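J.: Going line by line, the protein sequences match chains C and L.
Residues in the first sequence are numbered consecutively from 1, following the numbering used here.
Residues in the second sequence are numbered consecutively from 331, following the numbering used here.
Each residue gets a CB set at the ideal place from its N, CA and C atoms; glycine is no exception.
Quick caveat, the model's predicted, so the values are computed rather than measured.
2 protein chains.
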Amino acid sequence: MTIYEIAREAGVSASSVSRVINNKPGVNKQMREKIQQLVEKYHYVPNEAARGLVTSNSKLVGILIADIRAQHHIRGAYHIANELARHNYFCMILNTGNSDEERTACIQLLRQRQAEAAVLMGSTFRTTAVQVAIEQFLPDTPIFMMNGFIALPNVYGVLSDERWGIADCVAMLGRKGKRSIAFFVDQPTPSSALKTEGFIRGMAALGREESGLWIYRDVEGSQNGGYETAKRLLAEHPEVDGLICSQDIIACGAMRAIQNSGRSIPADVAVIGVDNSSYAEICTPRLTSLDNMIFDSCVTIAHKLVDVLNGDSTNQRTMLLTNIVEREST
Amino acid sequence: MTIYEIAREAGVSASSVSRVINNKPGVNKQMREKIQQLVEKYHYVPNEAARGLVTSNSKLVGILIADIRAQHHIRGAYHIANELARHNYFCMILNTGNSDEERTACIQLLRQRQAEAAVLMGSTFRTTAVQVAIEQFLPDTPIFMMNGFIALPNVYGVLSDERWGIADCVAMLGRKGKRSIAFFVDQPTPSSALKTEGFIRGMAALGREESGLWIYRDVEGSQNGGYETAKRLLAEHPEVDGLICSQDIIACGAMRAIQNSGRSIPADVAVIGVDNSSYAEICTPRLTSLDNMIFDSCVTIAHKLVDVLNGDSTNQRTMLLTNIVEREST
DNA sequence: CTGTTAGCGCATTCAG
DNA sequence: CTGAATGCGCTAACAG
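#1: Mind listing, in chain order, the continuous beta strand (DSSP E) runs of no fewer than 3 residues lying wholly within the segment 161–237 of chain C?
#2: With distance defined between alpha-carbon atoms, name the residue in 342(L), 639(L), 643(L), 608(L) nearest to residue 69(C).
#3: Would you please verify whether the beta carbon of residue 653(L) is less than 8 Å from any beta carbon of chain C?
#4: Does residue 403(L) get closer than 8 Å to chain C when you measure Cβ to Cβ?
#5: Mind checking if residue 43(C) is an interface residue toward chain L, Cβ cutoff 8 Å exclusive?
#6: Do residue 271(C) and residue 243(C) have their beta-carbon atoms positioned less than 8 Å apart in this structure?
#7: Closer than 8 Å is the cut-off here; do at least three beta carbon pairs connect the segment 25–42 of chain C with the segment 87–95 of chain C?
#8: Compare the C-alpha of residue 451(L) against each of 641(L), 490(L), 555(L), 462(L) and name the closest.
#9: What span of residues does the beta strand (DSSP E) with residue 474(L) cover, start to end?
#10: With a cut-off of 8 Å, do at least 3 Cβ pairs link the segment 12–31 of chain C to the segment 340–355 of chain L?
#11: Give a yes or no on whether the minimum CB-CB distance between residue 376(L) and chain C is below 8 Å.
#12: Short of 6 Å in beta carbon distance, which residues of its chain neighbour residue 655(L), apart from the five on each side in sequence? Order them along the chain.
#13: Comparing the C-beta of residue 412(L) with each C-beta of chain C, is any distance below 8 Å?
#14: Could you name the residues of chain L that residue 111(C) contacts, counting a contact when the two beta carbons are closer than 7 Å?
#15: Taking Cβ to Cβ, would you say residue 480(L) is nearer than 8 Å to residue 460(L)?
#16: By a C-beta neighbour count over all protein chains shown, 10 Å radius and 16 as the cutoff for buried, is residue 109(C) buried or exposed?
#17: Taking beta-carbon pairs under 7 Å, can you tell me which members of the segment 416–431 of chain L lie near chain C?
#18: Please list, in chain order, the chain L residues whose beta carbon lies closer than 7 Å to that of residue 137(C).
#19: Could you say which of 649(L), 660(L), 659(L) lies nearest to residue 477(L) if we only look at CA atoms?
#20: Assign residue 451(L) to one of three DSSP states: helix, strand, or coil.
#21: Between residue 240(C) and residue 203(C), which are expected to be in contact by the criterion C-beta below 8 Å, what is the C-beta distance as a whole number of angstroms?
#22: Got a sec: which bits of the segment 290–307 of chain C sit with their beta carbon under 7 Å from any beta carbon on chain L, in order along the chain?
#23: Helix, strand or coil: which one does DSSP assign to residue 456(L)?
#24: How far does the beta strand (DSSP E) with residue 327(C) in it reach, from first residue to last?
#25: Kindly list, in the order they appear in chain C, the residues whose Cβ is closer than 8 Å to that of residue 611(L).
#26: Between residue 535(L) and residue 565(L), what straight-line distance do the alpha-carbon atoms span, to the nearest angstrom?
#27: Does chain L have any CB closer than 8 Å to the CB of residue 78(C)?
#28: For a quick check, are the C-beta atoms of residue 249(C) and residue 221(C) less than 8 Å apart?
#29: Report, in whole angstroms, the separation of the C-beta atoms of residue 409(L) and residue 629(L), which I expect to be a contact under 8 Å.
#30: Assign residue 53(C) to one of three DSSP states: helix, strand, or coil.
#31: Using the beta-carbon of each residue, which ones in chain C are nearer than 8 Å to residue 582(L)?
#32: State whether the segment 38–53 of chain C contacts the segment 403–419 of chain L, with contact taken as three or more CB pairs (one from each stretch) at a distance under 8 Å.
#33: Just tell me which of 330(C), 167(C), 101(C), 111(C) has its CA closest to the CA of residue 194(C).
#34: Note down, in chain order, each residue of its chain lying with its Cβ closer than 6 Å to the Cβ of residue 229(C), except the 5 sequence neighbours on either side.
#35: Give the DSSP-derived three-state secondary structure of residue 321(C) in the structure shown.
#36: Compute the Euclidean distance between the alpha carbons of residue 89(C) and residue 175(C), then round it to the nearest angstrom.
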């Protein structure tokens, strides 16, 4: 079913049908109604590919997520998609995977599909390969990075101050009398580097030198990763009294190991996670967590996105402050 | 950048460029290489809309999910998207919302974008409105329903036997000496109806009449929903010794209320959830859960999808057996 | 092996 | 207010 078929049955030209479809003026009322009836009758839906070909707008925004199973990112996508849907934009959520080849392929796909904008969720996209891919394939497409930034004229970044946030977590543990504090951090990303830096700064404020810190790197981002690393920590440093983990899920596993060792939380060891995810509410004890403002970041991105698509301009970099949500584990 | 611009610079016609782009024969080797170099040089990417317009294939599969924040569904989408990506199909994940209008709008969107197939995740799509929308907008597009089915020639369903699964859960509690068993079920969907039926059958096998059963309906699908309902249950039926919840997350909340009342799990009250989600691993005690085989369902759907897109045929209905994963809560 | 032609479905001029 | 003509970028016949 095409506009021509509708036009023939209505006894008019395709142009008139097109005008009706797009709610444009210049069609007499009776004819408009007759066409509308036929559209209803045949459940006609315009072919967006053909329409996009002539108007060169796709009404399509791509959301790239390294792993859509990660709760915090998919929640962000949810909010952005809902907001954009209200502006008649349609989001395609792409699961990129974690390699530069995959990331590049997805960016190329956005070009192929004529995406009008893109959202890159997470600091994993802060790589040279991504920068090159953007320059090559999407040099003029507005790109919004959540918790990341790349210095290109068409890239906008909304970041949360995780460095200061983690330093703040250390300070909080310090106020509670904790001094022997460990830090678990997942695979290296720009975000985890900032968190680590925050930990080092926070500990410095407590008078600890960087060389003696208990930083466990490359912790697998799963409950088991936290569990196994915590067992190591307890063996190597039984006097530990505080623990900060770069992800809630890691903290959940770590808490289990700590409890299994006969220690109580927070009396013996206080624990803090990051993301303020639903995991923090489900584990026992409930986990104190650094809220890195994913929700607010996404709301901000959605607004900026709509602004930019409307031709307005916004500042390229925005920084959001983090916020510790205190629960039972501290 | 279009094939014409490439063609001009290469001193050939657009057809030859098209042949090279699509790896088709009929271009001499030197010319092929020259064109490939230009493609590289300008980072040319074909416009998929134009291509789709002439070939009338979009290489696009839609995945509809009522709420992408639901872990079990997004995990399913993850597997399907990955599998299809290997066959050069691209998935757009759509967050439909929970109303019939929204579901219909999304199905219309699939038509508009010429989706070659669709996956509907969850029994919430088993409504008359969806059936009508499919008949009107996608009468010839293969539709795969995960945990659902609609009797139309182009619809394929992969279901898991939740009815028998829940009955099985009841039997398991029975074997452990539990007799006063309650059931929490979320908002009515075809799936929750089946679960409820399974509970009734299971209790019948234990010699309980339907009229006296403790079935709590319309429980909010959140931790808080489980918590509040469990408080009511404990007040109304303090002698309860077993609880089955239609979702893991509900069970997590319920367990908290049970523990707060001074009861121990599973000694005083045994608890079982459904979905075998990561929540079941995180809560304390770890939750025994009915695995409704979402992973296997999605693998099955992905295979069937590829088969159907390749022109092969498969059976329209498949039933997968569920499986209780026993942990500490029973 | 190569180029010319036509047309996919639609929106947008421009005449009438 | 209306229709005819044009072209978006590409592929697929066809003819050379």
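T.: Looking at the coordinates:
#1: 181–184, 214–216
#2: 608(L)
#3: no
#4: no
#5: yes
#6: yes
#7: no
#8: 490(L)
#9: 473–476
#10: no
#11: yes
#12: 606, 619, 621
#13: yes
#14: 375
#15: yes
#16: buried
#17: 420, 422, 423, 425
#18: 373, 375
#19: 649(L)
#20: strand
#21: Contact flag wrong, Cβ pair sits at about 13 Å.
#22: none
#23: coil
#24: It is not in any beta strand (DSSP E) - residue 327(C) carries neither H nor E in the DSSP assignment.
#25: 223
#26: 27 Å
#27: yes
#28: yes
#29: 6 Å
#30: helix
#31: 282
#32: no
#33: 167(C)
#34: 184, 216, 219
#35: coil
#36: 48 Å
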